[in-house]
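Here it is, written out as structure tokens:
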């Protein structure tokens, strides 16, 4: 793992200012931020682990827990909200038997929410592995996770 | 490509590019904004390319994927130049017919043309479509004409001419004078005069100086900055380079949300191309001036749109705002003088340079000049991005451009300014929109989100929604913001849950004032806006929740009941089949009934009923 992390840091020439970008790249590599990777970043860049941890937990995009095989995001942006996004979220929560932020027991799905995808014409929107599903309703939820 | 070394070389390149291009050759442009991507526009572009190859039409037609055209409701959009024939909701299956009829025989395909839902009239050309007619697309217009990944497309439409004018025929002080005279105000929310900001940064002591483009567009329901950076990245770069030259700075940053992968990608491509052409990097156009731009991706924290938090984030820290003054123009990134403007503001700069401050300031109102891009979303027929002159009214935007409310429902309010903005009522439909008028009404311009709400939107729920958002996004530094939002949200949850008490409204107002007085950054200071404006304009709705335990819009789950109107119910059984909690019973062809004890209020029956027999009250 250390070599991979070093290679990512090298991409940014060891510039401490790119800590957020470095963590983003580590997360796309490992699907989450493993503890060892964070410790190694701290050592390599000479930043205290406490600070790396603060950054990793401050930003919404980072997760310290491993995620499921499929990432499901329900958009809760204002436009989706007025079109009933919370009902859709509840529907998916019931279907997958998990709450937003959790991963199913078989690690198949992780359910999350996002604040806006900027595709408001299609609201309410659900994104599964980068694929957009627009104008969602409960019967579409049933089909999607059937 | 050899680097351009002078203004003359840029002009001769422009001539060369335009000479090579046959203006009469049909060009099929396909909108490639994120909205159209979600509709599958990529398949349409590939479909056109394949079909053209198959029919050996390479020499008689071009295909060009472009940036966002704005009319997201009707995507994927296809516009065929030189005439500008406008086709909407184009599918892969339509491609052979478009080539055969429209391209080869100059015939129109009726069903792909936009049809006005009320007059049933069809529009042939883009500018005839009612959605576009009232717009003034000065900043956004080129989006639909150029391929964002082609610097030559941008140069062909006059790109980088403003830069060469600023570099070779103006002094920095003259540029500042021109920007000041134009009346340009920051489009990111605060509306601070751009020229003044530049001037104080230029005068500030300290070196090096920095320049930042704020593309951390975090307001839910606003996506104009993304569409600009995605669709016309060079216009943003050009503005930034002119700004850098003016304040005397050599390092710039674009801070962009990582959730906008296409914007990140297109900005990176644009920077690389500008460097190759000698428009960015060392010795720009042979002027001796150096400027380079780095991209910094945000981590999805709303507060990082605030300039001091954004600066902390670029420094590699968690994004916590700090006290101002000193303002970033005097002491910003790494405590050096820094100019921060948002994407749309930067994109306005080349326009002002090209056309002059007098022309620019002739558009708009007394205190707000130029145009503004709004994202018109929510309960509206024509969802999309609209660019309009400042001073236009809500009524014009919502009814003439937006086509009104779906299903002819009643307009209730419009929310502007993102989570820190406010909800404005029907009585303000004729308010001319500009920075100052919105603030006076209790809302703000923000980055330009405009969320339309109908009578099925509960205003208390809206306030609760925004507060929940802000509570989560508060960085936690200032106690009034951190704790106050928590408390306010709890009160709103209680009101929405039927547990509201007398005095709650007054308590909300009191806490709001504490937040306004006691927070250091814009997030905390403006966070009470959604609550204060909904109380100001929709107080009766709060009172109905509290005093009568009712939600007039039938939204708040704890206060509503689902029922079946036996007179309308046909007994088709659709509701019974979708009911998750087996709460609906009834024989086929007999009116059904809901057992309220079992009902979990998921709304599935309401959605499934084709006869509007399910009543929510």
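Chains as they are written, first to last, in our numbering: chain A, 2 to 147; chain B, 9 to 625. Don't be surprised by glycine CBs; every beta carbon is placed ideally from N, CA and C. Since this is a predicted model, take the numbers as computed values, not measurements.
Helix, strand or coil, according to DSSP, for residue i in the structure here?
| i | result |
| --- | --- |
| residue 610 (chain B) | coil |
| residue 402 (chain B) | helix |
| residue 248 (chain B) | helix |
| residue 67 (chain A) | coil |
| residue 440 (chain B) | strand |
| residue 587 (chain B) | coil |
| residue 123 (chain A) | helix |
| residue 564 (chain B) | coil |
| residue 94 (chain B) | strand |
| residue 300 (chain B) | strand |
| residue 515 (chain B) | helix |
| residue 81 (chain A) | helix |
| residue 395 (chain B) | strand |
| residue 179 (chain B) | coil |
| residue 89 (chain B) | strand |
| residue 419 (chain B) | strand |
| residue 384 (chain B) | strand |
| residue 75 (chain A) | strand |
| residue 11 (chain A) | helix |
Could you compute how far the alpha carbon of residue i sits from the alpha carbon of residue j?
| i | j | result |
| --- | --- | --- |
| residue 426 (chain B) | residue 93 (chain B) | 35 Å |
| residue 137 (chain B) | residue 543 (chain B) | 38 Å |
| residue 486 (chain B) | residue 371 (chain B) | 40 Å |
| residue 584 (chain B) | residue 224 (chain B) | 46 Å |
| residue 292 (chain B) | residue 39 (chain A) | 40 Å |
| residue 355 (chain B) | residue 493 (chain B) | 35 Å |
| residue 71 (chain B) | residue 209 (chain B) | 44 Å |
| residue 105 (chain B) | residue 116 (chain B) | 10 Å |
| residue 278 (chain B) | residue 502 (chain B) | 50 Å |
| residue 530 (chain B) | residue 623 (chain B) | 42 Å |
| residue 512 (chain B) | residue 283 (chain B) | 59 Å |
| residue 439 (chain B) | residue 38 (chain B) | 36 Å |
| residue 271 (chain B) | residue 580 (chain B) | 48 Å |
| residue 363 (chain B) | residue 175 (chain B) | 16 Å |
| residue 102 (chain B) | residue 47 (chain B) | 15 Å |
| residue 123 (chain B) | residue 97 (chain B) | 12 Å |
| residue 23 (chain B) | residue 160 (chain B) | 11 Å |
| residue 571 (chain B) | residue 625 (chain B) | 8 Å |
| residue 203 (chain B) | residue 89 (chain A) | 46 Å |
| residue 131 (chain B) | residue 143 (chain B) | 16 Å |
| residue 250 (chain B) | residue 358 (chain B) | 8 Å |
| residue 274 (chain B) | residue 158 (chain B) | 10 Å |
| residue 28 (chain A) | residue 64 (chain A) | 8 Å |
| residue 120 (chain B) | residue 301 (chain B) | 42 Å |
Hey, residue i and residue j: beta-carbon distance below 8 Å or not?
| i | j | result |
| --- | --- | --- |
| residue 206 (chain B) | residue 184 (chain B) | yes |
| residue 247 (chain B) | residue 299 (chain B) | no |
| residue 654 (chain B) | residue 361 (chain B) | The first residue shown for chain B is 9 and the last is 625, placing residue 654 (chain B) beyond what the model contains. |
| residue 643 (chain B) | residue 336 (chain B) | Shown here, chain B extends from 9 to 625; a query on residue 643 (chain B) therefore has no answer. |
| residue 405 (chain B) | residue 458 (chain B) | yes |
| residue 148 (chain B) | residue 409 (chain B) | no |
| residue 437 (chain B) | residue 401 (chain B) | yes |
| residue 34 (chain A) | residue 62 (chain A) | no |
| residue 620 (chain B) | residue 576 (chain B) | yes |
| residue 107 (chain B) | residue 65 (chain B) | yes |
| residue 392 (chain B) | residue 120 (chain A) | no |
| residue 602 (chain B) | residue 592 (chain B) | yes |
| residue 532 (chain B) | residue 489 (chain B) | yes |
Subject >> Where the segment 12-42 of chain A meets chain B: residues whose CB sits under 7 Å from a CB there >> reply: If the cut-off is 7 Å between Cβ atoms, the segment 12-42 of chain A has 17, 18, 19, 20, 21, 22 and 25 near chain B.
**OP:** Name, going along the chain, the residues of the segment 87-111 of chain A whose beta-carbon falls closer than 8 Å to a beta-carbon of chain B.
**Re:** For the segment 87-111 of chain A, which is checked against every Cβ of chain B, the residues closer than 8 Å are 88, 91, 92 and 95.
**OP:** Check each residue of the segment 114-142 of chain A: if its Cβ is closer than 8 Å to any Cβ of chain B, include it; give the result in chain order.
**Re:** If the cut-off is 8 Å between Cβ atoms, the segment 114-142 of chain A has 115, 116, 117, 118, 119, 120, 121, 122, 123, 124, 126, 133, 135, 138, 139 and 140 near chain B.
Subject >> Within 7 Å of chain A by C-beta, residues of the segment 229-250 of chain B in sequence order >> reply: Going along the segment 229-250 of chain B in chain order, one finds 229, 231 and 234 with a Cβ nearer than 7 Å to chain A.
Original post:
Any residues in the segment 608-625 of chain B with a beta carbon nearer than 8 Å to a beta carbon of chain A? Which ones, in chain order?
Top reply: Under the 8 Å Cβ criterion, the segment 608-625 of chain B contributes 610, 611, 612, 615 and 616.
**OP:** Pull out every residue of the segment 64-85 of chain A whose Cβ sits closer than 7 Å to any Cβ of chain B, in chain order.
**Re:** Those residues of the segment 64-85 of chain A that come within reach of chain B (Cβ to Cβ, closer than 7 Å) are 78, 79, 80, 82 and 83.
Original post:
Between the segment 51-64 of chain A and chain B, which residues of the former have a C-beta closer than 7 Å to a C-beta of the latter?
Top reply: Those would be 55, 56, 59, 60, 61, 62 and 63, in chain order.
Original post:
Closer than 9 Å, Cβ to any Cβ of chain A: which residues of the segment 447-465 of chain B, in chain order?
Top reply: Listed by position, the residues of the segment 447-465 of chain B near chain A (Cβ gap below 9 Å) are 457, 459, 460, 461, 462, 464 and 465.
Subject >> Length at least 3, wholly inside the segment 17-53 of chain B: the beta strand (DSSP E) runs in chain order >> reply: Segments of the beta strand (DSSP E) lying fully in the segment 17-53 of chain B: 35-39.
Subject >> Whole runs of the alpha helix (DSSP H) within the segment 305-352 of chain B, excluding any shorter than 4 residues >> reply: Assignment of alpha helix (DSSP H) within the segment 305-352 of chain B, counting only whole runs of 4 or more residues, yields 315-322 in chain order.
Original post:
Which runs of the alpha helix (DSSP H), 4 residues or longer, sit entirely within the segment 430-486 of chain B?
Top reply: 443-448 and 467-481, all fully within the segment 430-486 of chain B.
**OP:** With 7 Å as the limit, tell me which residues of the segment 32-49 of chain B have their beta carbon closer than that to any beta carbon of chain A; keep them in chain order.
**Re:** Of all residues in the segment 32-49 of chain B, only 42, 43 and 46 come within less than 7 Å of chain A when Cβ atoms are compared, listed by chain position.
**OP:** Go through the segment 170-228 of chain B residue by residue and report every complete run of the alpha helix (DSSP H) that reaches 4 residues or more, in order.
**Re:** The segment 170-228 of chain B contains, as complete alpha helix (DSSP H) runs of 4+ residues, the segments 180-190 and 202-211 (chain order).
Original post:
When you check each C-beta in the segment 370-394 of chain B against every C-beta of chain A, which residues fall closer than 7 Å?
Top reply: With the criterion set as a beta carbon lying under 7 Å from some beta carbon of chain A, the members of the segment 370-394 of chain B are 383, 385, 386, 387, 391 and 392, in sequence order.
**OP:** Counting only runs of 4+ residues fully inside the segment 80-159 of chain B, write out the alpha helix (DSSP H) ranges in chain order.
**Re:** If you keep only unbroken alpha helix (DSSP H) runs of at least 4 residues inside the segment 80-159 of chain B, you get 138-141.
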